[in-house]
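The structure appears below as structure tokens.
In the numbering used here, the protein residues as written are 24 to 605.
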């Protein structure tokens with residue numbers, strides 16, 4: 024019983040039949056028409072995309088009895104012999120089995136004779152990168168100045184292994200992977216011609232497994248048809264090839280976007296039990312989140328050329344659930360997970376924990392949107408009340424650091440839940456009086472008579488007028504010591520210490536100190552080991568000292584920032600109860 028597989032039965036017989044390589048076939052046909060055919064060609068690209076087939080078509084076009092012609096007749100004796108691989112003037116060599124210098128020497132001696140029947144002697148060397156360096160060197164002279172009746176065509180999947188001296192003597196044509204849509208259309212044409220039952224989802228899954236190779240797609244189609252007795256649908260492809268349902272992948276993504284880690288864990292476990300490779304799952308999720316970002320960035324459907332039509336709408340709906348920043352963050356996390364999977368022996372555990380982490384991350388607010396909302400809050404608090412603030416509010420707010428935020432530099436993406444809390448606090452807080460302008464430089468004799476806490480607040484205001492992000496970092500610190508030439512600042516937390524220690528920020532601090540104190544001061548920032556000279560705002564006169572706990576709350580940078588922005592005051596402090604208590 025002789026059966027011809029689909030990949031051989033449906034091998035292209037004209038340039039028009041070649042799928043996805045129009046940039047190559049058009050150039051070759053134009054060269055034949057204008058009689059500008061080179062003596063040596065290099066066809067390089069992935070497997071199964073038409074390199075050897077195109078080489079045979081070129082040999083057929085050059086030796087056709089009607090030619091040379093860009094459209095061989097496929098009816099003359101030359102075309103039929105080349106199709107059947109029996110033409111004596113077309114020599115096809117496997118580079119993997121003819122690697123030695125003796126093989127190349129025999130070849131170069133044989134091509135000196137004129138063709139026996141055709142117009143040209145065509146030498147096709149497949150997998151040419153397998154030749155040894157000595158064999159390449161033996162080919163150089165003939166390749167550079169071959170007889171007029173000889174054409175060399177080299178095909179390879181690894182062009183980087185070929186000597187540069189060989190590459191420089193050839194016209195190079197790079198074949199590309201065939202687009203998913205082109206593969207699906209070709210498979211649909213084959214199934215209709217072969218009278219197979221098929222659906223778009225099954226062909227899309229089959230084409231995706233082929234990974235841009237038409238030969239692989241046709242071979243897989245043969246396999247599925249043999250398994251299902253002529254039916255090619257999604258269930259048949261999934262069962263015959265042992266691949267996961269695309270809908271299962273979509274459900275995992277939907278659970279991640281819905282912040283449902285329990286569902287993600289269950290779906291990932293089901294895929295593993297089904298036999299879905301964790302590494303493949305990471306790869307497919309990376310590709311899917313890439314598509315989601317593409318949809319967010321561009322509304323052009325052609326940007327999703329590798330997706331079948333029935334999946335494009337699914338991708339659009341999922342992309343609408345999260346912001347572009349969220350989707351990019353998920354992609355970056357998956358990239359780290361894929362790297363960890365490659366290094367770990369516990370691939371399934373790594374993938375499960377990575378996906379649970381993704382599903383546990385709340386949405387983030389885009390930077391520009393967060394800045395806009397912050398500016399709106401600032402405007403509302405600055406203009407919501409025309410009456411002056413109460414004396415208690417005026418006394419409570421530190422004189423220099425109480426102004427509204429005047430810049431928006433270096434603000435990271437802010438969680439939407441945080442803005443919601445700020446909005447709720449705004450409703451419960453009393454109206455804030457108009458913002459106090461940034462402090463102007465103070466005369467040195469005036470500064471000397473200020474309390475140390477007032478000096479610190481004034482210095483903060485001076486820094487705030489120059490760089491708001493540096494102001495927030497400095498606000499987390501405190502004054503350790505002040506001499507005639509040195510200003511020592513203590514910081515308890517490493518991130519703030521790193522920010523204040525940067526050279527550009529130290530320059531700003533020293534310039535601000537010189538303007539405020541009226542003399543040149545060197546700024547020294549160190550990890551705080553002592554009690555600060557002043558910590559927290561100064562108690563308003565007549566109000567008495569606050570409790571020890573309230574002082575700690577007021578010293579917290581986040582609390583102080585919230586009070587400055589929202590214009591409120593601490594009424595009481597509540598400690599959350601431990602879970603499980605009555």
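All C-beta atoms in this analysis are idealised placements derived from N, C-alpha and C, irrespective of residue type, glycine included.
Nearest neighbour of residue 123 by Cα position, chosen from 158, 37 and 50, turns out to be 158.
Residue 177 sits away from residue 169, with the two beta carbons spaced by 9 Å or more.
Take residue 309, set aside five residues on each side of it, and the residues of its chain with a beta-carbon closer than 7 Å to its own are 354, 357, 358 and 361, in chain order.
Closest in C-alpha terms to residue 343, from the list 73, 322 and 332, comes 322. With respect to the C-alpha of residue 489, the residue from 507, 514, 505 and 536 having the closest C-alpha is 536.
Within the same chain, and ignoring the five residues on either side of residue 54 in sequence, the residues whose Cβ sits closer than 7 Å to its Cβ are 60. Annotated three-state conformation of residue 150 is coil, per DSSP.
Rounded to the nearest whole angstrom, the C-alpha separation of residue 314 and residue 338 is 7 Å. Residue pairing by DSSP places residue 501 opposite 513 in a beta bridge. Residue 546 is classed as buried because its beta carbon has at least 16 other beta carbons within 10 Å across all chains shown. Residue 109 sits exposed, since fewer than 16 C-beta atoms from the chains shown fall within 10 Å of its C-beta. The alpha carbon of residue 318 has as its nearest neighbour, out of 345, 86 and 297, the alpha carbon of 345. Taking every protein chain shown into account, the CB of residue 507 has fewer than 16 other CB atoms within 10 angstroms, so this residue is exposed. Counting C-beta atoms within 10 angstroms of its own C-beta, residue 501 has 16 or more neighbours from the protein chains shown and is therefore classed as buried. Look at residue 144 here: in three-state DSSP terms it is strand. In the DSSP assignment, residue 198 falls outside any beta strand (DSSP E), carrying neither H nor E.
Per DSSP, residue 42 lies in no alpha helix (DSSP H) segment and is marked neither H nor E. Going by C-alpha positions, residue 504 is about 18 Å away from residue 519. Look at residue 60 here: in three-state DSSP terms it is coil, with no helix or strand label. Residue environment: residue 26 is assigned as exposed (fewer than 16 neighbouring CB atoms within 10 Å of its CB, all protein chains considered). Under a 10 Å Cβ-count criterion, residue 56 is classified as exposed, with fewer than 16 other Cβ atoms of the shown protein chains found around its own Cβ. Taking 9 Å as the cut-off, the Cβ atoms of residue 523 and residue 496 count as close. Within a 10 Å sphere around the beta-carbon of residue 117 sit fewer than 16 other beta-carbons, which makes this residue exposed. Residue 344 carries a coil assignment under DSSP once its states are collapsed to helix, strand and coil. Counting of Cβ neighbours within 10 angstroms places residue 97 among the exposed residues, the total staying below 16.
In the three-state reduction of the DSSP assignment, residue 368 falls in the coil class, being assigned neither a helical nor a strand state. Rounded to whole angstroms, the separation of the alpha carbons of residue 393 and residue 494 is 19 Å. A check of alpha carbon separations from residue 130 across 49, 114, 141 and 258 identifies 114 as the nearest. Around residue 139, the same chain offers 111 and 112 as residues with beta carbons nearer than 8 Å, after the five sequence neighbours per side are excluded. With a beta-carbon spacing of about 5 Å, residue 287 and residue 378 fall inside the 8 Å limit used to define contacts.
The beta carbon of residue 274 sits closer than 6 Å to the beta carbons of 290 from its chain, once the five residues preceding and following it are set aside; these are given in chain order. Distance between residue 30 and residue 192, taken at the CA atoms: about 32 Å. In the DSSP annotation of this structure, the continuous segment of the alpha helix (DSSP H) that includes residue 205 starts and ends at 203 to 216. Straight through space, the alpha carbons of residue 133 and residue 146 are spaced by roughly 11 Å. In the DSSP annotation of this structure, the continuous segment of the alpha helix (DSSP H) that includes residue 537 starts and ends at 526 to 540. Our two residues, residue 246 and residue 52, have alpha carbons roughly 35 Å apart in a direct line.
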